[in-house]
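Trainee:
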Amino acid sequence: MLICLFRTVILYALLILVIRLMGKRQLGEMGPLEFVVAILIADLASVPMQDLAIPLLSGIIPILTILAAELLLSVLCYRFPMWRRLFSGKPVILMENGTLLQKNLSKTRITPDELTELLREKEVVDLRTVQYAILETNGQISALVYPEEKPASAREAGIPVQPMGFPVTIISSGRLLRENLPVAGRTEDWVEGVLRDHRCRVRDVYLLTVEPGGQIYLSVRGQE
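For the sequence shown, counting from 1, position 176 maps to 176 in full-length UniProt numbering; every step adds exactly one.
1. Measure the alpha-carbon distance for residue 57 versus residue 9 and round it to whole angstroms.
2. Just to confirm, are residue 210 and residue 182 a CB contact at a threshold of 8 Å?
3. Considering just the uninterrupted stretch of the alpha helix (DSSP H) at residue 125, what are its terminal residues?
4. Taking 8 Å as the cut-off, decide whether the C-beta atoms of residue 216 and residue 194 are in contact.
5. Going by the beta-carbon positions, is the gap between residue 98 and residue 120 smaller than 8 Å?
6. Give a yes or no on contact between the segment 11–18 and the segment 55–75, applying the rule of three or more CB pairs nearer than 8 Å.
7. Does the structure place the segment 151–158 close enough to the segment 129–142 that three or more beta carbon pairs sit under 8 Å?
8. Please list the segments of the alpha helix (DSSP H) lying wholly inside the UniProt domain "YetF C-terminal" (83–210), counting only runs of 4 or more residues, in order along the chain.
9. Just the Cα atoms here: how many angstroms apart are residue 132 and residue 117?
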């Protein structure tokens, strides 16, 4: 039992390391290359976890080999467009100037109902407003509506707005993050004043953030 636990912990840590080395892009979106790598790594890791008769290195070495191959192919795809098109394909235009491109829909096996559903997820209801709908290499749909159909920005509407401040977390889950106080330009005395105004203590606070303009957000434990 302890050997099984030990092997599982090692493989678990190795998988986390492999995913980290593959880069953050793979966590947010997967192309064909990343999808195949993820399936292979999961399969290779599961076998030595379950079968104690298989040496641990028999699972580790293939995983590291696939990682090395994936990193090499990623570099090749980055430097050479031909390799990128070979492994990831090319974006396909599904709609152009409000017209469904039926040949491209047929080629990608996307039905009109599926396309309209995907466009609704992009908050696009009227197909006549779509200038381009593009199937990206990661399987996502990009919807570009006509410029006149887009909501006006504050600059276009002539509305003055204040620069958006980035909130800094001061207290999280009842713990004071002292290292964030200089970033926010605040002191512990300021924190004590805020807590005093809200009649609570540090351990009672679920989240406290402050923006550069001084606006604070405070959530007390147990309040929903």
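Beta carbons: idealized from backbone N, C-alpha and C, even for Gly.
Mentor: So, from the listed chains and residues:
1. 14 Å
2. no
3. Segment: none, residue 125 is in no alpha helix (DSSP H) and carries neither H nor E.
4. yes
5. no
6. yes
7. no
8. 102–108, 112–121, 154–157, 181–184, 188–197
9. 16 Å
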